[in-house]
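All residue numbers for the sequence shown refer to the numbering used here, where the first residue is 27 and numbers rise by one.
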Amino acid sequence: MANPKKMTEQQIAEVAELLENAELNAQDVVKVTDKYPDMSFSEALDVQWAIRARKEARGTRIVGMKMGLTSWAKMAQMGVDKPCYGFLADYFSVPQGGEIKMEELIHPKVEAEIAFMMDKELSGPGCHVGDVLAATDFIVPAVEIIDSRYENFKFDLPSVIADNSSSCRFVIGGRPLPVDSIDMRTTGVVMEKNGAVVELGAGAAVLGNPAASVAMLVNMLAERGEVLPAGSFVMTGGITAAVAVEAGDSIVVRYQHLGDVTMKFV
Ligand code: 0L1
Ligand code: MG
């Protein structure tokens, strides 16, 4: 068997509790593969889904999904050939222009992304870009705030998957557009921090086309017998490198055609 399960259900539950507490208490921890060096991708996903179940049991709603490590540069940096996914909880959402409290986070970074709102359920395997375009209600510009729960943002792929792919907050801004109204591959993005340009990019940085990222998510979910439900909000991955922020920083991301996304860290 390629990925034999070695962790017990009890160990999966303990790691999920450790990582969720790290998130909720904004307290970093050592990467979980220090204790479980043979943790498989499947076991890492078991931990992520256990964190999701803990939140749902307390009444938190899961509003969507995010894809991470979707640029070739970031994958090469991590030595992997496959992106990862995570879930988005209702309380991750921050309004456009809103304040994000640093005391609730560990060491956040921001990523400029194109997000999709789905109006039809999608299932894999075999989901492709055409299926995604046909199932999309609209696209919208969004900024993801990632916050690895690991010391110094240092991890390996199983550790980051277990840690819900560093998900923590997101801001939706700009204006929604029909998915066929622009060429997302050539859509330009300029990220400014405190008025200075810090990152530039275009949508093709995300697997050649952000819609391909949604298709990949659907096919990855299918490996666990899961679907992407209608009504899901999907963050497709960073167009630019992630930029570290601290209290007092203002971020404005300007998207060609789609408008601006803004937030302030306090
Ligand atoms: O959203 C992302 O691309 C991040 C995925 C996890 C890796 C990281 O924290 O940089
Ligand atoms: Mg991201």
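Think of the CB as a built atom: it goes at the ideal place given N, C-alpha and C, for glycine as much as any other residue. Predicted model, so just to flag it, every value in this text is computed and none were measured.
Residue range of the alpha helix (DSSP H) that includes residue i
i    : result
S239 : 236-248
V41  : 35-51
A188 : 183-188
Span of the beta strand (DSSP E), counted from its first residue to its last, around residue i
i    : result
K81  : Counting along the chain, K81 falls outside any beta strand (DSSP E), though it belongs to the alpha helix (DSSP H) covering 67-83.
A228 : 222-228
R195 : 193-198
D286 : 285-291
D177 : For clarity, residue 177 is Glu in the given sequence; the question names Asp instead. Run containing E177: none; DSSP gives neither H nor E here.
Neighbourhood of residue i by C-beta distance below 8 Å, restricted to the same chain and skipping five residues each side
i    : result
L45  : V55, V58, V73, I77, R175, A188, D189, N190
E129 : A52
H283 : L203, S207, I208, T213
L114 : I88, V89, G90, M91, K92, S193, F196, F259, M261
Chain-order list of residues whose beta-carbon lies under 7 Å from that of residue i (same chain, five-residue window excluded)
i    : result
G285 : P167, G199, G200, R201
N220 : D275, S276
A267 : E225
L12  : Within the shown structure, residues of the chain are numbered from 27 to 292, placing residue 12 beyond reach of any answer.
Q122 : V197, I198, G199, V287, T288
E35  : none
D173 : L131, I132, H133, P134, S192, C194
F179 : H133
Neighbourhood of residue i by C-beta, 6 Å cutoff - its chain only, sequence neighbours within 5 removed
i    : result
E147 : V253, P255, A256
M65  : T59, P184
M217 : A138, V224, E225, T266, V279
Assumed close pair residue i, residue j - CB separation to whole angstroms, cut-off 8 Å
i    : j    : result
K108 : M261 : About 17 Å separates the two Cβ atoms, so there is no contact after all.
P204 : F164 : 6 Å
A273 : F291 : 6 Å
V279 : V120 : Rounded, the Cβ-Cβ distance is 14 Å, inconsistent with contact.
V155 : A238 : 6 Å
V240 : V106 : Their Cβ separation, rounded to whole angstroms, is 19 Å, which puts V240 and V106 out of contact at 8 Å.
R211 : A228 : 7 Å
Residues sharing a beta bridge with residue i, DSSP
i    : result
D209 : The partner list for D209 (beta bridge, DSSP) is empty, contrary to what the question assumes.
I265 : According to DSSP, I265 bridges with nothing at all.
A115 : I88
M93  : Y111
K32  : None; K32 has no bridge partner.
Y281 : V215, G285
E170 : E137, F196
S276 : K290
L254 : L148
L203 : I165
V55  : Y176
A270 : K135
V260 : M91, F142
For this session: Tell me the start and end of each unbroken alpha helix (DSSP H) in the segment 117-167 that is at least 4 residues and wholly inside, in chain order.
Result: DSSP runs (the alpha helix (DSSP H)) wholly in the segment 117-167: 155-160.
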